[in-house]
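With the numbering used here applied, the sequence shown covers 176 to 238.
Every residue gets a Cβ at the ideal spot worked out from N, C-alpha and C, and that includes glycine.
See below for the structure under consideration.
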Amino acid sequence: QPREEIKPGELSVLSPVGFTVPANNPKLPTTGRRLAYARHLTSGRHPLLARVLVNRFWMHHFG
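Next comes the structure, spelled out in structure tokens:
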């Protein structure tokens with residue numbers, strides 16, 4: 176039986192900033208959700224971006 180629709184999103188614990196999924200346009204061949212999420216992750220507002228960059232820097236310099 177059909178259940179309620181689950182909307183894509185992010186864990187609220189990881190990202191208090193929030194991420195809004197673009198509306199689906201049936202005229203387009205793609206929804207653009209992956210691109211929107213990639214832009215969200217690399218926008219500089221995402222809290223994990225700084226942590227990942229520092230970890231990569233640390234690993235590169237100190238092994």
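Mind checking if residue 182 is an interface residue toward chain B, Cβ cutoff 8 Å exclusive?
Among the protein chains of the structure shown there is no chain B, as only one such chain exists.
Cα-Cα separation between residue 222 and residue 211, rounded to whole angstroms:
Within the sequence shown, the letter at position 47 stands for residue 222. Within the sequence shown, the letter at position 36 stands for residue 211. Take the alpha-carbon of residue 222 and the one of residue 211: they are about 17 Å apart.
Helix, strand or coil for residue 201 per DSSP?
Within the sequence shown, the letter at position 26 stands for residue 201. Shown here, residue 201 sits in coil according to DSSP, grouped into three states, outside any helix or strand.
Between which two residues does the alpha helix (DSSP H) harbouring residue 208 extend?
Taking the first residue of the sequence shown as position 1, residue 208 is located at position 33. In the DSSP annotation of this structure, the continuous segment of the alpha helix (DSSP H) that includes residue 208 starts and ends at 208 to 216.
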